[in-house]
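For the sequence shown, the working numbering gives the first residue as 0, with consecutive numbering after it.
Heads up, the beta-carbon is just placed ideally off N, CA and C, and yes, glycines get one too.
A quick write-up on the structure given underneath.
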Amino acid sequence: MARVIRPVLAIRCVVSSCKALFEVAEVEKGKTQIVVCPKCGEYYEYPSPENTNQG
Ligand SMILES: [Zn+2]
0 MARVIRPVLA IRCVVSSCKA LFEVAEVEKG KTQIVVCPKC GEYYEYPSPE NTNQG
């Protein structure tokens with residue numbers, strides 16, 4: 000049984016003076032992820048998607 004590699008989330012900083020694009024590891028379902036922009040240090044909160052494409 001092959002192990003599925005979790006995709007990463009591409010996040011773009013919304014700070015006009017930053018606009019940095021960085022990737023973070025996807026968290027477990029039902030959890031909220033707090034990520035920090037490596038460039039400007041802005042905090043972002045990403046709720047995990049509830050809907051799944053594959054069943
Ligand atoms: Zn930033």
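Counting along the chain, Ala24 sits inside the beta strand (DSSP E) bounded by residues 20-24. It is roughly 30 Å from the alpha-carbon of Lys28 to the alpha-carbon of Ser15. In the three-state reduction of the DSSP assignment, Arg11 falls in the strand class, which pools E and B.
Minimum Cα-Cα distance from Thr31 among the listed residues Tyr43, Phe21, Cys39 corresponds to Tyr43.
With a cut-off of 7 Å, the C-beta of Glu22 is classified as distant from ligand 1, since no heavy atom of the ligand falls inside that distance.
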